[in-house]
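Accompanying notes for the structure given below.
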Amino acid sequence: MAENVIEVTDANFESVVLKSELPALVDFWAEWCAPCRAIAPLVEEIAQEYAGKMKVAKLNVDENPSTPGKYGVRGIPTLILFKGGQVVDQIVGAVPKDQIKALVDRAL
Numbered sequence: 004m005a006e007n008v009i010e011v012t013d014a015n016f017e018s019v020v021l022k023s024e025l026p027a028l029v030d031f032w033a034e035w036c037a038p039c040r041a042i043a044p045l046v047e048e049i050a051q052e053y054a055g056k057m058k059v060a061k062l063n064v065d066e067n068p069s070t071p072g073k074y075g076v077r078g079i080p081t082l083i084l085f086k087g088g089q090v091v092d093q094i095v096g097a098v099p100k101d102q103i104k105a106l107v108d109r110a111l
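So the sequence shown is numbered by my numbering: it starts at 4 and just counts up by one.
Put into structure tokens, the structure is as follows:
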């Protein structure tokens, strides 16, 4: 995992994401999910490009079932953008990098 991407869990989700001073993009994923693996490099590139402006985190849905349930995550990959502890926007499925950047830019 890239150094700019934080691994979050059910246990630390609130402190790392919801209480973050910066907007936070969370990638809900699983090991067995091919589309998740396909967008992982894009998520890491965005983490590097937006370092200092936004947090980027990954949450493994198999190991952390509580948080995805709380936010209605039904399919993966799901990218949810949080700002001030609230959901601002989300994308479901593997999408091109420019679509992810557009989501992020709208929130910054």
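By construction, the Cβ of each residue, glycine as well, lies at the ideal position given by its N, Cα and C atoms.
Computed from a predicted structure; not experimentally measured.
Bounding residues of the beta strand (DSSP E) (the contiguous stretch that carries Ala-33): Careful: Ala-33 lies outside any beta strand (DSSP E) and carries neither H nor E.
Excluding the 5 residues preceding and the 5 following Cys-36 in the sequence, name in chain order all residues of the same chain whose CB lies nearer than 8 Å to its CB. Ile-79, Pro-80
Which class does Glu-66 belong to by DSSP, given the choice of helix, strand or coil? coil
Inter-residue spacing [alpha-carbon to alpha-carbon] between Val-95 and Gly-55: 25 Å
Closer than 8 Å is the cut-off here; do at least three beta carbon pairs connect the segment 63-71 with the segment 98-105? no
Tell me the rounded alpha-carbon separation between Val-90 and Val-98. 19 Å
When the Cα atoms are used, what is the spatial distance from Val-11 to Arg-109? 24 Å
Can you check the segment 41-104 for any alpha helix (DSSP H) of at least 4 residues that lies completely inside it and give the ranges in chain order? 69-73
Nearest-angstrom Cα separation, counted from Glu-34 out to Ala-41: 11 Å
CA-to-CA distance, Pro-38 to Pro-19, given in whole angstroms: The sequence given here has Val at residue 19, not Pro. Using only the alpha carbons, I get a separation of about 25 Å.
Does DSSP put Leu-25 in a helix, a strand or coil? coil
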